[in-house]
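Please read the structure below before turning to the comments.
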Amino acid sequence: MPGGVLPSMMDDDRTFALESRLTNHGCYLQSVAVDGDTYQLTYQSTAADEHGEIPHQQVGDVVNDFRKLFDRRDWPVRDVEATVTDLADEELGAWRADADWFDALEAGEMTEVEFSQRVLDSLETV
Numbered sequence: 000m001p002g003g004v005l006p007s008m009m010d011d012d013r014t015f016a017l018e019s020r021l022t023n024h025g026c027y028l029q030s031v032a033v034d035g036d037t038y039q040l041t042y043q044s045t046a047a048d049e050h051g052e053i054p055h056q057q058v059g060d061v062v063n064d065f066r067k068l069f070d071r072r073d074w075p076v077r078d079v080e081a082t083v084t085d086l087a088d089e090e091l092g093a094w095r096a097d098a099d100w101f102d103a104l105e106a107g108e109m110t111e112v113e114f115s116q117r118v119l120d121s122l123e124t125v
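Right, here's the structure in full:
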């Protein structure tokens, strides 16, 4: 870790707000922390477990949850780095969405399609 700073856990209210939204999409939050300018989360995906891969629609749902939290709950916009596991906690892959992308989308400098494509392009499977 740069400077020896460890990630910090989010407060209970924010963790609950995120966990509630993820559960609606068949995702079970395993951990979430703030590391500098990044939200780092790990979640189990029931859909990934069923299909053996990370469903793109579900990634979009999780990203949109963050967008709503940024917009409606006054969360600071940060990068989002997600690790996705199956229900047995086997890592399936990871994806990210950069704060700059969220800002560009909000400012109308990037389309929804461009934003979604960048997120999907970041998807790495194990």
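Oh and the sequence shown: position 111 is 110 in numbering that gives the first Met the number 0, straight run, nothing missing. For each residue, glycine too, the CB sits at the ideal point set by N, CA and C.
Reference D85, options G25, S7, M8, M9, closest by Cα: Closest option to D85, Cα to Cα, is G25.
Alpha carbon of D120 to alpha carbon of D11, nearest angstrom: C-alpha separation (whole angstroms): 32 Å.
Span of the alpha helix (DSSP H) around L122: Premise fails: L122 is in no alpha helix (DSSP H) and is neither H nor E.
Endpoints, the beta strand (DSSP E) within which R95 is located: Boundaries of the beta strand (DSSP E) around R95: 90-96.
Integer-rounded CB distance, given that R95 should sit under 8 Å from E80: A Cβ-Cβ separation of about 5 Å places E80 in contact with R95 under the 8 Å criterion.
A81 (DSSP reduced to helix, strand or coil): Reduced to three states, the DSSP call for A81 is strand.
contact_flag[the segment 48-60, the segment 102-111] where n(CB pairs < 8 Å) is 3 or more: At 8 Å Cβ cutoff, the stretches do not touch.
Environment of R72 [buried if 16+ CB atoms lie within 10 Å]: So R72 counts as exposed.
Neighbour-count burial assignment, D97, 16 or more Cβ in a 10 Å radius: With a threshold of 16 other beta carbon atoms within 10 Å, D97 meets it and is buried.
Per DSSP, the bridge partner or partners of M8: For M8, which the question treats as bridged, DSSP gives the partners A32.
From V125, Q116, W74, residue whose alpha carbon lies closest to that of T37: Taking only the C-alpha atoms, the option nearest T37 is W74.
First and last residue of the uninterrupted alpha helix (DSSP H) at L68: Looking at the DSSP string, the run of the alpha helix (DSSP H) that includes L68 is 55-71.
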